[in-house]
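Chemist: Can you read through this structure? Questions will come right after.
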Ligand SMILES: Cc1cc2nc3c(=O)[nH]c(=O)nc-3n(C[C@H](O)[C@H](O)[C@H](O)COP(=O)(O)OP(=O)(O)OC[C@H]3O[C@@H](n4cnc5c(N)ncnc54)[C@H](O)[C@@H]3O)c2cc1C
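As structure tokens, then:
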């Protein structure tokens with residue numbers, strides 16, 4: 004279908020103001036926060052629609068299914084994998100109009116929201132009620148809760164509280180046929196269930212390839228009254244790894260254990276000199292929460308459990324001091340590029356997760372690859388869960404460096420798999436990590452593909468994501484090929 008005809012048909016289905024087809028405006032929808040979108044900005048949608056209700060989403064999807072037009076759901080596009088980038092053109096469905104809190108059910112510890120609500124806005128709404136939605140991605144002030152569920156986003160406190168999926172009790176989803184279903188039992192307010200297939204879990208982390216989330220029923224937690232933080236320095240990476248084990252062996256489950264490597268410490272000191280972090284091979288931050296005497300006791304016990312491993316430890320339960328210590332961790336992503344003047348950070352190979360025992364090997368492996376490829380790297384992450392973020396620093400105008408950083412990102416992904424880990428601990432697969440899925444999942448990927456084909460027989464829903472490009476040429480259940488269904492519609496003129 005021609006773009007003009009597509010836009011006209013969608014204007015008739017919705018209202019004219021809800022349909023964007025001006026070439027200049029469409030270009031904004033060719034991007035998310037990925038390096039992929041920076042180096043491949045050509046994936047412009049044919050049309051963008053901004054529905055106001057689930058019924059409008061369903062109307063658009065039914066039309067798309069009938070006319071075999073690709074559909075890409077979009078939250079706030081903070082994803083780092085090209086997930087919200089319409090690589091086969093077609094319709095982008097942006098969910099930012101759907102951002103209301105529909106119902107707070109405080110006695111039952113749950114809230115029902117629309118998918119476009121920004122994570123920090125939801126927690127700001129909940130705070131006066133003494134409640135919190137615990138997942139805490141670094142993009143909290145930008146990312147949508149629907150995008151978090153679609154990506155099964157995690158955060159620093161995932162060690163204790165788990166990823167987003169842990170807190171999703173039920174979903175309303177527009178399937179690729181346009182049908183609307185509710186997962187997690189219709190009308191239920193129960194906090195647990197063993198009833199039927201766990202469809203909620205199927206849609207969490209499906210990255211919009213199985214349908215569009217239009218409503219979420221989320222589990223909440225009373226805000227823990229107190230927190231404490233332990234800071235520790237190490238002159239050997241292995242000792243930092245041992246300190247994590249020593250903490251668990253002491254019977255303590257921190258909310259977070261974060262690591263900054265030598266380069267990350269240097270970057271933070273250049274970015275915020277007032278923090279004056281001492282040089283070290285690794286800096287760890289342990290956070291505990293709970294009641295005030297309990298957190299003080301935990302902090303003291305962590306300090307003594309790691310005393311023989313660390314070169315320096317200190318702990319605090321004063322909120323101002325905690326905020327100052329946490330600042331080093333919260334600015335490191337932004338600070339990374341400081342270690343190479345004029346460089347920018349390429350968000351690729353940025354999200355591996357390895358077994359706890361392999362964290363030192365992974366850190367050393369990244370440092371070795373940095374030498375080999377001539378790309379400076381600053382590494383930090385969630386050592387308590389094995390998640391590592393490598394900040395790879397490049398001169399963006401140099402095509403040869405872009406090629407080298409892509410080769411290095413590939414080597415980092417292979418390293419993670421060699422060490423028994425995964426290519427993505429929290430950011431997801433999207434376009435950029437699809438090539439690793441056969442190695443990571445083996446025959447289980449074919450089972451995922453069978454589910455995809457059963458729910459999306461025309462292959463219209465976020466095509467080109469999660470599965471390797473060649474898979475999209477496979478036969479689909481109704482005899483058409485997904486590739487044919489997902490054929491790009493002519494891109495608008497630039
Ligand atoms: C500075 C920064 C820090 C970050 N820190 C973290 C972190 O700590 N932890 C973490 O996990 N991630 C982090 N991220 C990555 C990103 O913020 C998360 O993946 C987030 O969940 C994406 O949400 P979004 O609304 O931006 O989704 P988008 O980027 O818009 O979309 C992401 C994927 O979800 C799909 N999608 C979006 N909304 C829906 C919906 N309603 N229904 C179906 N599919 C949908 C899209 O099609 C796409 O495949 C960070 C990103 C940045 C830029």
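In the numbering used here, the protein residues as written are 4 to 497.
In this text, a Cβ means the ideal position worked out from N, Cα and C, and glycines have one as well.
Can you tell me the Cα-Cα spacing of residue 491 and residue 52, whole angstroms?
Modeler: Along the chain shown, read from residue 1 onward, the residue named residue 491 stands at position 488. Along the chain shown, read from residue 1 onward, the residue named residue 52 stands at position 49. Interpretation of residue 491 is limited by its pLDDT of 33, a score under 50 that renders its predicted location unreliable; the figure taken from the coordinates is listed afterwards. Taking the straight line from one Cα to the other gives about 17 angstroms.
Chemist: Since residue 166 and residue 336 are thought to touch, with beta carbons under 8 angstroms apart, how far apart are those beta carbons, to the nearest angstrom?
Modeler: Taking the first residue of the chain shown as 1, we reach residue 166 at position 163. Taking the first residue of the chain shown as 1, we reach residue 336 at position 333. Incorrect: roughly 19 angstroms between the Cβ atoms, too far for contact.
Chemist: Does the Cβ of residue 360 lie closer than 6 angstroms to at least one heavy atom of ligand 1?
Modeler: Translated into the one-based positions of the chain shown, residue 360 becomes position 357. Residue 360 Cβ: outside cutoff for every heavy atom of ligand 1.
Chemist: In three-state DSSP terms, what is residue 291?
Modeler: Reading the chain shown from its first residue, position 288 is the one you call residue 291. Three-state DSSP puts residue 291 in a strand.
Chemist: Looking only at its chain, what residues have a beta carbon closer than 6 angstroms to the beta carbon of residue 289, apart from the 5 residues adjacent to it on each side?
Modeler: What you label residue 289 is simply residue 286 of the chain shown in a count that begins at 1. If we look at residue 289 and ignore the five residues flanking it on each side, its Cβ neighbours are 233, 257, 260 and 305.
Chemist: Measuring straight from C-alpha to C-alpha, what distance separates residue 484 and residue 8?
Modeler: Walking along the chain shown from the start, residue 484 turns up at place 481. Walking along the chain shown from the start, residue 8 turns up at place 5. Only weak support is given to the placement of residue 484: the predicted model assigns it a pLDDT of 39, under 50, and the value that follows is read from those uncertain coordinates. Roughly 24 angstroms separates the two Cα atoms.
Chemist: With DSSP as the reference, please indicate the residues paired to residue 113 in a beta bridge.
Modeler: The count along the chain shown starts at 1 and reaches residue 113 at position 110. According to DSSP, which records beta bridges pairwise, residue 113 is partnered with 108 and 222.
Chemist: Going by CA-CA distance only, name the one from 458, 462, 463 and 472 that's closest to residue 206.
Modeler: Position 203 of the chain shown, counted from the first residue, corresponds to residue 206. Measuring from the Cα of residue 206, the nearest candidate turns out to be 458.
Chemist: Any heavy atom of ligand 1 inside 6 angstroms of the beta-carbon of residue 416?
Modeler: One-based indexing of the chain shown puts residue 416 at position 413. No - ligand 1 has no heavy atom lying nearer than 6 angstroms to the Cβ of residue 416.
Chemist: Return helix, strand or coil for residue 394, following the three-state DSSP convention.
Modeler: Looking up residue 394 in the chain shown gives position 391. DSSP places residue 394 in strand when its eight states are reduced to three.
Chemist: Nearest-angstrom Cα distance between residue 434 and residue 89?
Modeler: Your numbering for residue 434 matches position 431 in the chain shown. Your numbering for residue 89 matches position 86 in the chain shown. Those two C-alpha atoms are separated by around 10 angstroms.
Chemist: Do residue 102 and ligand 1 come close, with the Cβ less than 6 angstroms from some heavy atom?
Modeler: Here residue 102 refers to the residue found at position 99 when the chain shown is read from its first residue. Answer for residue 102: no, Cβ out of range of ligand 1.
Chemist: Alpha carbon to alpha carbon, how far is residue 481 from residue 461?
Modeler: In the chain shown, residue 481 corresponds to position 478, counting from 1. In the chain shown, residue 461 corresponds to position 458, counting from 1. Unreliable positioning characterises residue 481 in this predicted model, as indicated by a pLDDT of 44, which lies under 50. A coordinate reading is not provided.
Chemist: Looking at C-beta atoms only, is the number of pairs between the segment 375-391 and the segment 439-449 that lie closer than 8 angstroms three or more?
Modeler: As far as the Cβ criterion goes, the segment 375-391 does not touch the segment 439-449, which means the pair count is below three.
Chemist: Nearest CA to the CA of residue 213: which residue from 298, 321 and 152?
Modeler: Here residue 213 is taken as the residue at index 210 of the chain shown, counted from 1. Of the candidates 298, 321 and 152, the one whose C-alpha sits nearest the C-alpha of residue 213 is 152.
Chemist: Which residues in the same chain have their Cβ closer than 7 angstroms to the Cβ of residue 310, if we skip the five residues on either side of it in sequence?
Modeler: Start at 1 with the first residue of the chain shown, and residue 310 comes out as number 307. Answer for residue 310: 316, listed in chain order.
Chemist: Under the criterion of a Cβ to heavy atom distance below 6 angstroms, does residue 272 qualify as lining ligand 1?
Modeler: Numbered from 1 along the chain shown, position 269 holds the residue referred to as residue 272. No, the beta carbon of residue 272 sits no closer than 6 angstroms to any heavy atom of ligand 1.
Chemist: Mind checking whether the beta-carbon of residue 215 lies closer than 6 angstroms to any heavy atom of ligand 1?
Modeler: Here residue 215 corresponds to residue number 212 of the chain shown, with the count starting at 1. True, at least one ligand heavy atom lies under 6 angstroms from that Cβ.
Chemist: If we ignore side chains and look at the alpha-carbon of each, how far apart do residue 27 and residue 129 end up?
Modeler: On the chain shown, position 24 is the one that residue 27 refers to. On the chain shown, position 126 is the one that residue 129 refers to. The straight-line gap from Cα to Cα measures roughly 38 angstroms.
Chemist: Could you tell me which whole alpha helix (DSSP H) segments of length 4 or greater appear in the segment 350-407?
Modeler: DSSP runs (the alpha helix (DSSP H)) wholly in the segment 350-407: 362-376.
Chemist: Between residue 398 and the rest of its own chain, which residues show a CB-CB distance below 7 angstroms, the 5 nearest in sequence each way excluded?
Modeler: Within the chain shown, residue 398 is the residue found at index 395, counting from 1. So the list reads 345, 346 and 404, once near-sequence residues are dropped.
Chemist: Taking 6 angstroms as the cut-off, is the beta-carbon of residue 475 closer than that to any non-hydrogen atom of ligand 1?
Modeler: Counting from 1 along the chain shown, the entry for residue 475 is found at position 472. No, the Cβ of residue 475 stays beyond 6 angstroms of every heavy atom of ligand 1.
Chemist: Using the Cβ count rule (16 or more neighbours within 10 Å means buried), how would you classify residue 35?
Modeler: Your numbering for residue 35 matches position 32 in the chain shown. Answer is buried; the Cβ neighbour count reaches 16.
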